[in-house]
Structure formats: C-alpha cells, structure tokens
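Take a look at the structure set out below.
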Amino acid sequence: MFDKIQFWRSPATAFTTIASIFGVLLIFIIPPFQSPDEYQHFYRAFQLSEGQIIAEYQKGDCYGYSNYFPDRPCAGGTLPKSLLTTVRTASQEDLRFRPERKQKVEDILAILDLPLNPDDRIFIKFPTIVLYSPIPYIPQITGITVAKLLNFSPLGMMYIGRFFNLLFWLAIGYWIIRTSPILKWVFVGLLLMPMSVFQSASMSGDVFAIGISFLWLAFCLYCSFLSDKLTSKHTRSLFLFPLLIALTKQAYLPLIFLYWLIPISKIGNFKKYILLFITILVTCFTFSLTWYIVSSQIYVPLFEDVSLSGQVSFLIQKPFYLVRVIGNSVSTFGLSYIEEFVGKLGWLDTRLPLPVIISYPFVLAVVAIGSCDRPFSLSWKQKTIGATIAILNFCLIVTLFYLTLTPVGADKVIYIQGRYLIPLSPLLFLPLANIRFNWIRDRVQIYLIAYFLIIETVTSITLLNRYYF
0 MFDKIQFWRS PATAFTTIAS IFGVLLIFII PPFQSPDEYQ HFYRAFQLSE
50 GQIIAEYQKG DCYGYSNYFP DRPCAGGTLP KSLLTTVRTA SQEDLRFRPE
100 RKQKVEDILA ILDLPLNPDD RIFIKFPTIV LYSPIPYIPQ ITGITVAKLL
150 NFSPLGMMYI GRFFNLLFWL AIGYWIIRTS PILKWVFVGL LLMPMSVFQS
200 ASMSGDVFAI GISFLWLAFC LYCSFLSDKL TSKHTRSLFL FPLLIALTKQ
250 AYLPLIFLYW LIPISKIGNF KKYILLFITI LVTCFTFSLT WYIVSSQIYV
300 PLFEDVSLSG QVSFLIQKPF YLVRVIGNSV STFGLSYIEE FVGKLGWLDT
350 RLPLPVIISY PFVLAVVAIG SCDRPFSLSW KQKTIGATIA ILNFCLIVTL
400 FYLTLTPVGA DKVIYIQGRY LIPLSPLLFL PLANIRFNWI RDRVQIYLIA
450 YFLIIETVTS ITLLNRYYF
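Sequential numbering of the sequence shown, starting at 0, is according to numbering that gives the first Met the number 0.
Structure follows, in structure tokens:
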C-alpha cells in the first residue's frame, strides 16, 4: 500500500503540498495586519515598490497606527493616504493584544474596493522597519507591483503581497530540502512549524531572513559532502547567500561562519580556504556597514529612556554585566521563547494548545536523531561549530536588543521574541544527527506527515476561533 504513495516519500514535495494548502488558507484566515508589525512591513514594501530605497525622516506632521504626531520626529515615508485608511479601518476595533475582540468580515469587504488615490499623500511613520534594505521585500514588492498593474485597492495589494511572500516560502523551502543532504525532515518540520507558516502567509520580511538562513546552512552541508572540490559556481553561491543574509538582517551575520562546516579539502588548501573566507567576510561586512551608514541617518529611537551611547558607556564600566543580562533574560523568558518559537500567533495574543507547544520540539529532536543516511556523517567538530554559532548568535541578538531597545542598566531584555530564533534553530539539531538511527522511512514518514497535517489543522482552527468566533 505504502509503495503506491510515492508522494509522501519526498520531503520536499510533502512540504510544498502541505504548506501551499494551509498557507493559502491562512492568507485569508488571518485578518489584515494581524501578524507582528505587518502594517509597517506593508508600508515599507509599498515604499520600495515606488523605487524609494531609503526611507524618510520628518519632524512632526506624521501619522502612526492610530495617532497623529504634530511635532514628534518620525521615520517613515510620504505614502498614499489610502494605505493608512486601510490599516485603520480593516477592523472597527483594534484587535491587537485583545483576544476577546473579533474581526468582522463586513469591515474587510467595506474597504476591498477603496481606491489607491496615489496623489493624495501624507507622511506615515513606520520606525521599526525603515532600516531594512529592499532585499527581504523582493517577494512583497513583486506582488504589490502586480497588484498596481491590475489596479487593485490597497487591501488587494496586501493580499497579493501575502500571496507572493508565500510563493517565495514554497520555492525556497523546496530548494532548501532538496539541497541539504541530511536533516531533510527536520527542515520540513521547521518550515511547517505554525509560526513559520503563519509568517509566510503575511507581509513580514522575516520570511526572507528565515529562508535564506536555512538555505545557507543547507548549501554548506551540501558542499561539505561533495565528492569533488567546489566549482566556480559553488564559489559564487558561497558569496551570494551570506551577502543576502548580511543585507537582510545584520543580527544574523555570525551565520557567515557556517563556512567552517566545509572541509578544507573541498576548497583546495588551507591558504585558499582562509583567503576565500576572509574575502567573503570582508564583502559581507562592507555591504552591511554601507547600508547601515546610509539608513541610520533616519533612525529614530522607539523609547525616550533608551540611549545607545549611554548603554555602551555602562557596559564599558561593567563589561561582565552583559553575561548577567543574558542569563536573566533566558531564565525569565526561556519558556516564552519556546512557545513563541513554535507559534504564539497574531500579535502574540493567540496561543496554540499546550500539547502542540510541548510536542513540536520533541518531534523535531526525534526526527533529527533518525534522519541521517550513512554516507552523510557529520563530525563532532562540525556539530560543535554549528551549535556554537547558534549560541553566540543568540547572545549577539540579546546584546543588540540590550543596546538599542532596553533602558540603560536594566538587568534583562524584554523585547526578544521566540520567532527571532527560527533562523538559528537548525543548528541546534546538528548535534543530534547520526547514522546509527535512520528510522525516518516508509510508514514512519506517513505518521510524520499525519502529525504535521494535524498541527496545521489545529493552527487554522485556533486562528479561526481567535478572530471570528
């Protein structure tokens, strides 16, 4: 019987099928702008679709999500007023952080035909997103451009932007799974995780960040198991993927060091190996630093009691205090990180059933142990490199949040969300990969697919109950 169901034996095909079905469902189940900062991602993507690469700074006379700011410094852009109207009236009530409030379908239908009116413009602030480069918005920009050509309303542009973001997720997910020689079903699980699919059905730029991070790891693993030396085509990819990471989210720059998973013999000799790595590193840091210098001119602090220079001075005086901050943050919010990693949806106001949160990491760990074929055996050195990069990158994320979003001298960071750990997550499963337990075959794959289908169904029902019933 199972021999006839060849479909389920392909991890890549299984992923694209399940993700496409439930991704499309979530595009329409999730009310407009009900993923974290989605309205700001929408503004930024629209701005970029008009060819404006660098966002704008303006003192006063600017509009936020619900307020007008007559004299406050604002970072954002001069956009059609209809975009703000769409964001504000997609629901008569602000649904964020209020699970008891529900989305009315008639509110969505009422603005579905709202004209864009591109000449009627106001300054709209979206400060948390203005520093992002165009790279993570390529799918959304494409979708909005198509929607403009079809003369869609702003809300229609948002839905088309979501759809193109999902298409990107499906394409890069398929590519990741086909590229990686090991842990294919772990990648399937991470790509189908409720938070992952939820974001893929939104306008979020995090979709690109997660996808390219996974692809970079998959490519490094692929290179490490090549029977021959790397070709010029492989070398170009060794430059491209980390460069895309550097221009997508600078917090994940340490992932460049995944290069060290590739044995020296695949490059040639030690001198060539080091020279190539230094060239990649310098290239990525140069592009990343250039974008930071250009975009930081319009940076506006989100909180008045936050001072980057003050925090740096504090840490210079107490250099080991940061260790305490990281420890306090993990001990205080560690369980929240896990829940948000698997899927605390909406504006962190939609909780999945506890069995989903508990079982998902466990299933991923079991899959990691049993999904490594005999020809592809990672050394302990490679496993240690991967896990170390993940831990150090997490520490960097905490440090960046401490410097830019935390009051001077605070003993913990409160704004980190578990979804920020998704790009790092495959590295934590590398140490579990081994060739002694290769049980992800035939019937087990069917059970695994059934589990993912149940999880996606529960996720969809949870979102329906949260927003409509």
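Every residue, glycine too, gets a C-beta built ideally from N, C-alpha and C.
Cβ separation of residue i and residue j, assumed to be a contact under 8 angstroms, to the nearest whole Å
| i | j | result |
| --- | --- | --- |
| Val457 | Val355 | 6 angstroms |
| Phe162 | Pro425 | With 8 angstroms as the limit, Phe162 and Pro425 do not qualify as a contact, their Cβ atoms being about 26 angstroms apart. |
| Ile28 | Tyr158 | Incorrect: roughly 12 angstroms between the Cβ atoms, too far for contact. |
| Ser34 | Phe276 | Not quite, the Cβ-Cβ distance comes to about 36 angstroms (not below 8 angstroms), so this is no contact. |
| Ala386 | Leu427 | 6 angstroms |
| Val130 | Ser295 | First, the residue type needs correcting, since residue 130 is Leu and not Val in the sequence shown. With a Cβ gap of about 7 angstroms, Leu130 and Ser295 count as contacting. |
| Ser65 | Arg87 | 7 angstroms |
| Val362 | Tyr450 | 6 angstroms |
| Phe218 | Phe240 | 6 angstroms |
| Ile279 | Tyr272 | At roughly 11 angstroms, the Cβ-Cβ gap does not stay under 8 angstroms, so Ile279 and Tyr272 are not in contact. |
Backbone CA spacing between residue i and residue j [nearest angstrom]
| i | j | result |
| --- | --- | --- |
| Arg8 | Gln444 | 7 angstroms |
| Ile460 | Ile266 | 50 angstroms |
| Leu254 | Leu47 | 27 angstroms |
| Asn116 | Phe302 | 33 angstroms |
| Thr331 | Pro360 | 20 angstroms |
| Ala54 | Gln310 | 26 angstroms |
| Tyr336 | Pro430 | 21 angstroms |
| Lys3 | Phe224 | Bear in mind that a pLDDT of 46 at Lys3, under 50, signals an unreliable position, so the number given afterwards is only what the model happens to contain. Taking the straight line from one Cα to the other gives about 31 angstroms. |
| Lys232 | Leu243 | 17 angstroms |
| Gln102 | Thr12 | 34 angstroms |
| Gly160 | Gly345 | 18 angstroms |
| Tyr251 | Asn392 | 7 angstroms |
| Val206 | Ala409 | 31 angstroms |
| Arg97 | Leu347 | 10 angstroms |
| Asn433 | Phe167 | 31 angstroms |
| Ile415 | Ile388 | 18 angstroms |
| Leu423 | Ile211 | 11 angstroms |
| Ser81 | Thr141 | 20 angstroms |
| Leu220 | Ser236 | 13 angstroms |
| Asp112 | Pro153 | 8 angstroms |
| Phe1 | Pro30 | In this predicted model, Phe1 has a pLDDT of only 43, less than 50, meaning its place in the structure is not dependable enough to derive any value. |
| Pro193 | Lys58 | 40 angstroms |
| Phe68 | Cys61 | 5 angstroms |
| Arg95 | Gly75 | 21 angstroms |
| Ser19 | Cys283 | 33 angstroms |
| Gln249 | Tyr401 | 15 angstroms |
| Ile17 | Phe468 | 25 angstroms |
| Cys394 | Tyr446 | 36 angstroms |
| Thr398 | Leu307 | 11 angstroms |
| Leu321 | Ile261 | 32 angstroms |
| Lys317 | Tyr291 | 27 angstroms |
| Ile137 | Gly63 | 25 angstroms |
| Gly188 | Asp118 | 46 angstroms |
| Gly155 | Arg71 | 31 angstroms |
| Pro114 | Phe151 | 8 angstroms |
| Phe319 | Ser328 | 15 angstroms |
| Cys470 | Gly417 | This structure gives no information on residue 470, because the portion of the chain shown stretches from 0 to 468. |
| Ile357 | Thr15 | 25 angstroms |
| Asp106 | Pro374 | 57 angstroms |
| Thr127 | Gln39 | 8 angstroms |
| Ser226 | Val366 | 26 angstroms |
Short Cβ contact (8 angstroms threshold) for residue i with residue j
| i | j | result |
| --- | --- | --- |
| Leu190 | Gly172 | yes |
| Thr77 | Arg120 | yes |
| Lys411 | Val324 | yes |
| Ser370 | Leu182 | yes |
| Ile297 | Tyr56 | yes |
| Thr125 | Arg177 | The residue you asked about is not Thr; residue 125 is Phe in the sequence shown. Contact: no. |
| Glu37 | Ser203 | yes |
| Cys485 | Phe122 | Residue 485 lies beyond the range of the chain shown here (0 to 468); nothing can be said about it. |
| Ser132 | Leu246 | yes |
| Phe186 | Glu455 | no |
| Ser421 | Ile143 | In the sequence under discussion, the amino acid at residue 421 is Ile, which differs from the Ser named in the question. For Ile421 and Ile143, no; Cβs fall outside 8 angstroms. |
| Trp259 | Pro10 | no |
| Leu165 | Ser195 | no |
| Lys32 | Ala109 | According to the sequence provided, residue 32 is Phe. The question's Lys does not apply to it. Going by C-beta atoms, Phe32 is not nearer than 8 angstroms to Ala109. |
| Ile396 | Tyr419 | yes |
| Val407 | Phe286 | no |
| Thr349 | Arg465 | yes |
Check: residue i C-beta below 7 angstroms from any heavy atom of the ligand FMN
| i | result |
| --- | --- |
| Phe162 | The ligand content of the structure shown is nil, which means the ligand FMN is not present either. |
Any C-beta of chain B under 8 angstroms from that of residue i
| i | result |
| --- | --- |
| Val412 | The chain labelled as chain B is not found in the depicted structure, where only one protein chain is given. |
At which residue ranges does the region 251-324 contain complete beta strand (DSSP E) runs of 3 or more residues, listed in the order of the chain?
none
Any alpha helix (DSSP H) of 4 or more consecutive residues that is wholly inside the region 107-149:
137-148
Segments assigned alpha helix (DSSP H), at least 4 residues, entirely inside the region 362-408:
379-404
Complete alpha helix (DSSP H) runs within the region 207-259 (minimum length 4 residues, chain order):
231-247
Quick check for students: name the residue ranges of the alpha helix (DSSP H) that lie wholly in the region 42-87, counting only runs of 4 or more.
none
In chain order, which continuous runs of the alpha helix (DSSP H) of length 4 or greater are located wholly inside the region 413-462?
424-428
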